[in-house]
Amino acid sequence: MLESVIPRIQDWPINRIAKKRDKILQETISETVLEFNKSYPTLFSLREQLQKTLYLENIRLKTEPWEVDPEDEREFWNGIKKRLLQADPAQIDEDASKELHQEMLQDIISRYANEIIGNFIPNMFWFARQALRLFFARLFNAHFGGLKGLFNPDEKLKDKLIVAGPVEKLRNLSTKGTVILVPTHFSNLDSVIIGFGMDYIGLPAFQYGAGLNLFNSKFFSFFMGNLGAYKLDRRKKNPVYLETLKSFSKTNILAGAHTIFFPGGTRSRAGNIEDDIKLGLLGTVMAAQRIHYEKNPSNLAPKIFIVPLTISYHFVLEASSLIEEQLKRTGKEQYLVNEGAPTTVKGIIKFFWETFSKSTDITLSLSEPMDVFGNALDDDGNSLDKFGQPVHIRNYFANKGQLKEDDQREMIYTQMLGEKIVEGFFKNNVVYASHVVTFVAFELLKKKLDYPDIFTLLRTSDEDREINWDEYKMCVKRVIDELYVLNNKEQIKLAPHMTTKELDEIIALGINNVCIYHANLPIMRNKEGNITSEDLKVLYYYHNRLKGYGLEKCIG
Amino acid sequence: MRNASDKYPVAVIGAGSFGTVVANLLAENGEVLFYSRRKEAVEAINKERSNNGQAMHPNVKATNDMQEIAEKCYLMFPSMSSDGFREVIRSMAVYLRPDHMMIHCTKGFDIKLEPGKSILDRDVVLQPSDIYTMSKVILEESCVKRVGCMSGPNLAREIAFHHPAATVIASKFEEVIREGESAIRSKRLQVYSNHDIFAVELAGVLKNSMALAAGALGGLGYGQNAMAFLITRGIGEIIRLATAMGADKQAFLGLAGIGDLVATCTSPLSRNYTVGARLAKGETLEYILSTSSEVAEGIKTVSISKKLADSTGTKTPIIQTIYKVLFEELKVEEALGYLMEYRWGYDADYM
Chain A
1 MLESVIPRIQ DWPINRIAKK RDKILQETIS ETVLEFNKSY PTLFSLREQL QKTLYLENIR
61 LKTEPWEVDP EDEREFWNGI KKRLLQADPA QIDEDASKEL HQEMLQDIIS RYANEIIGNF
121 IPNMFWFARQ ALRLFFARLF NAHFGGLKGL FNPDEKLKDK LIVAGPVEKL RNLSTKGTVI
181 LVPTHFSNLD SVIIGFGMDY IGLPAFQYGA GLNLFNSKFF SFFMGNLGAY KLDRRKKNPV
241 YLETLKSFSK TNILAGAHTI FFPGGTRSRA GNIEDDIKLG LLGTVMAAQR IHYEKNPSNL
301 APKIFIVPLT ISYHFVLEAS SLIEEQLKRT GKEQYLVNEG APTTVKGIIK FFWETFSKST
361 DITLSLSEPM DVFGNALDDD GNSLDKFGQP VHIRNYFANK GQLKEDDQRE MIYTQMLGEK
421 IVEGFFKNNV VYASHVVTFV AFELLKKKLD YPDIFTLLRT SDEDREINWD EYKMCVKRVI
481 DELYVLNNKE QIKLAPHMTT KELDEIIALG INNVCIYHAN LPIMRNKEGN ITSEDLKVLY
541 YYHNRLKGYG LEKCIG
Chain B
557 MRNASDKYPV AVIGAGSFGT VVANLLAENG EVLFYSRRKE AVEAINKERS NNGQAMHPNV
617 KATNDMQEIA EKCYLMFPSM SSDGFREVIR SMAVYLRPDH MMIHCTKGFD IKLEPGKSIL
677 DRDVVLQPSD IYTMSKVILE ESCVKRVGCM SGPNLAREIA FHHPAATVIA SKFEEVIREG
737 ESAIRSKRLQ VYSNHDIFAV ELAGVLKNSM ALAAGALGGL GYGQNAMAFL ITRGIGEIIR
797 LATAMGADKQ AFLGLAGIGD LVATCTSPLS RNYTVGARLA KGETLEYILS TSSEVAEGIK
857 TVSISKKLAD STGTKTPIIQ TIYKVLFEEL KVEEALGYLM EYRWGYDADY M
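Those protein sequences? They're chains A and B, same order as listed.
Using my numbering, you'd call the opening residue of the first sequence number 1 and step up by one each time.
Using my numbering, you'd call the opening residue of the second sequence number 557 and step up by one each time.
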């Protein structure tokens, strides 16, 4: 447990911003109106966009109503429908029509912005932090018992939740600029665990977007809404909502809010490390850095720091339902649907119980912090090129010395940043025994059965799922050897248990750890001592974690 | 045309024959700083106003001061040979800034090999990830992010004679294309744009194998039917190989793809074509290499393409056959016989 870099919660950026809630709201709204009118400058195009928004919102209301939706939702959109009819430029004067459309735009944006914005209450944060610590400490005590565990829970927590990488540097930078943490996303518990982990290393709280569906529960809603979470509604894909969300994000980053972005947009359905970065919200980070330079002299402009973070679990709470969704999505008619079990409170407790009470752990692996162009940073946050010389990144936004906004240019820069983030994910991925044992088992089956597609493979009958133990062990050895090579080239990281234990121990540890959590064992040894699986889908899910490293060549 | 108020000169780096052509083209629209490593060349250009047998435009000023170039110019056209490209970028990296833009004119790859290995060695295995295009080299070796390339059917000699031509400026950045176009467009050079810089760069290199094959056909005395056969099936192989390397197809149907291929295959003066013709006359690769000062780019390209086709499992009968001629002593006539018997199947199967 490290001392907080800013001791008083009241002084944290997130709290300073929460105090300016109304100002942030107003700025978000006016910024969205501005940007939207820039994208759709004519009355005709604006009207078209509003009609499209109304159409999409009506569909959402019919097909996907949620408890969290406000009661006047239908009323509001019926009102917009009437106002669109009244504002028809074919019927009334063009200037009057323009004004009516602007009013509508303003009203819709304001409604969205009010829904998105969250809150932060220092006392609530303090309370939640104590509760969570107590909860975790109890779990250890349950297992380790004894007075030592009771009085010294942090000691154990350190072994259970490992924050690896340039911790000191990140602490340092968090006082010198705005930190954007970009983690891989496997589970709904990620934000809680990352939040806890960052608090643990003494960073002030981060803002993050939480799915609006989580706010369906009053309990979660009350907590998260006051702990810095803002709300994201994935059902709303209409242009006005997306623009509001972007403006909200930009306004907050400009105000200096440390933020967590899940750049993959959503939990990884297939269990792989994200390589497809959603550029929308990340683009707002790029724009914010440019605006900082527009508003300030180069040496005083606030800086934004990007920190990729790779989470490693032995097992994932929602593995089973995630992979079902993935297969449903990619397989279409080839895949027969089994409804995955929803995440329940019981499931969450079981997850933490198993994680913290058994011999298993979670790693949050930080990448080296970088500026928005992927340059390394010194301890003061100055950008350095590959020779260690200072780079003045302001000039990336300039043409012949003049700062100039150029959306297309920033889009490409954002793509490049996305590539850097993915590189960070892969390089700092901490390999666990469970990743290796599942990877090898699935790849061996794939090779042995040689089916044309994954769906046939997943329907393989029990007797065909057996893998000879000696062959399996040999392949695990080869994959581990290759992982060492990659590790030496700094292309991947290995968990300590991968380097300190013998081969047999690693395999046993891996199999045990995947299996403590799942009812149907994704990987197991049968009576003959050979490897088999009771749940190929979940095995496939876990195996995907090591995709993208070219390890397939070690199989067979 | 460059804006009259635009007071910044444009730089050309590398004073080879194509660099000279580019410098003269740019000079029609404004001031040009022309970099050469060699002091004698700089003096010759500045005093005698000629380089590589081409007269220099009065707007061109030669220098061997990299720092001066980096300080005065925002836009640069690196035109070094691919062999020395990385080295030169590395040596100028200290002077480069985030507001520099680079549009390179080099058709070649940079390949990281183990020390002591050559790309012509038969035991060397290549993966697509071993291939660095010149824009990747710039991104890797310097802080410059706004990169582009210029490529197309642009034979240096013809441009030097002021014959009309068209070229492609490719970059992910609209801004780079805009700047490049206004710097180089003129009455004798038409400019097209493309966002797919990777495909354009691949096209500029992969065509070399076909130039060699074209030389062999010419050396055997065959005419336009055979040439058309080669060019069309050749672009198919190039497209398949490029797709396997992760590129999109579209750019290959444009100037930088089919355009450049036609120009190279039908131009008997090129070094690649000459090597092909000599092979057809029965000379061995060893002998050809021993009698020429430079390895023709096409020989390297054949070896690279073959290795890439093997590692990606791509069907490339023409490339495989030229490879056999070059490195496995297959006779050109037999090679042609093999291609005539090969079961091709469907015509335009690469789209």
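A virtual CB, placed ideally from N, CA and C, is assigned to each residue, including glycine.
Interface residues of chain A around residue i at Cβ under 9 Å?
i	result
B/Arg653	Val391, His392 and Asn395
Who are the neighbours of residue i on chain B, taking C-beta pairs under 7 Å?
i	result
A/Gln10	In chain order: nothing, as chain B lies at least about 39 Å away.
A/Ala398	Asp655
A/Gly401	Asp655
A/Arg171	Ordered by position in chain B, no residue passes the 7 Å Cβ test against A/Arg171, which lies about 27 Å from the chain.
A/Asp385	Cys699
A/Ile412	Lys728 and Phe729
Strictly below 8 Å CB to CB, what residues from chain B border residue i?
i	result
A/Asn272	The premise fails here: A/Asn272 is roughly 18 Å from chain B at the closest Cβ pair, so nothing lies under 8 Å.
A/Gln408	Phe729, Glu730 and Glu731
A/Met416	Lys701
A/Leu305	The displayed chain sequence assigns Phe, not Leu, to residue 305 of chain A. What A/Phe305 touches in chain B: nothing, since even the nearest Cβ is about 17 Å away.
Around the C-beta of residue i, are 16 or more other C-beta atoms found within 10 angstroms, so that it is buried, or is it exposed?
i	result
B/Lys862	buried
A/Phe135	exposed
A/Ile92	exposed
B/Tyr843	exposed
B/Asp655	buried
A/Leu54	buried
B/Glu643	exposed
A/Thr562	Past the edges of chain A, shown from 1 to 556, lies residue 562 of chain A, and the structure says nothing about it.
Give a yes or no on whether the C-beta atoms belonging to residue i and residue j are separated by under 8 Å.
i	j	result
A/Ile253	A/Ile194	no
A/Val179	A/Val307	yes
B/Pro565	B/Leu589	yes
A/Ile116	A/Leu214	no
A/Gln86	A/Leu100	yes
B/Pro684	B/Thr868	yes
B/Glu584	A/Asn399	no
A/Ile555	A/Val391	no
B/Val761	B/Cys661	no
A/Pro205	A/Trp12	According to the sequence as given, residue 205 of chain A is Ala; it is not Pro. Contact flag set, yes.
A/Arg269	A/Ile311	no
For residue i and residue j, I'd like the C-alpha separation in whole angstroms.
i	j	result
A/Leu25	A/Ile291	19 Å
A/Leu162	A/Gly280	Here residue 162 of chain A is Ile; the residue named in the question, Leu, does not match the sequence. The alpha-carbon atoms of A/Ile162 and A/Gly280 are separated by roughly 31 Å.
B/Glu889	B/Ala767	17 Å
A/Lys537	A/Lys237	30 Å
B/Gln746	B/Ala722	4 Å
A/Ile516	A/Leu539	14 Å
A/Ser4	A/Arg171	9 Å
B/Leu712	B/Lys595	It is worth fixing the name first, because residue 712 of chain B is Ala in this sequence and not Leu. Computed Cα separation, rounded: 23 Å.
A/Gly149	A/Trp77	Note that A/Gly149 has pLDDT 47, beneath the 50 cutoff, so the model's placement of it is unreliable and no number is given.
A/Asp585	A/Gly177	Missing from the structure shown is residue 585 of chain A; chain A here goes from 1 to 556 and no further.
B/Leu797	B/Ala769	17 Å
A/Pro122	A/Gln10	6 Å
B/Glu587	A/Pro263	45 Å
B/Leu582	B/Ile794	31 Å
B/Gly736	B/Thr870	35 Å
B/Glu697	B/Leu652	10 Å
A/Glu35	A/Gly256	21 Å
A/Leu242	A/Tyr112	10 Å
Listing by chain order, which chain A residues have their CB less than 7 Å from the CB of residue i?
i	result
B/Tyr564	Lys400
B/Tyr630	Lys400
What does residue i reach in chain B if we use C-beta pairs closer than 9 Å?
i	result
A/Phe373	Pro654, Cys699 and Lys701
Across the region 470 to 478 of chain A and the region 501 to 521 of chain A, are there enough close Cβ pairs to call them in contact, namely three or more that are closer than 8 Å?
Output reads yes: the region 501 to 521 of chain A touches the region 470 to 478 of chain A.
Quick test of the definition: if touching needs 3 or more C-beta pairs under 8 Å, does the region 281 to 288 of chain A touch the region 53 to 69 of chain A?
Touching, no.
The region 673 to 690 of chain B in contact with the region 597 to 613 of chain B per 3-pair CB rule at 8 Å:
No contact exists between the region 673 to 690 of chain B and the region 597 to 613 of chain B.
Three Cβ pairs or more, each shorter than 8 Å: is that satisfied between the region 799 to 818 of chain B and the region 742 to 756 of chain B?
With a cut-off of 8 Å, the region 742 to 756 of chain B and the region 799 to 818 of chain B count as touching, because enough Cβ pairs lie within range.
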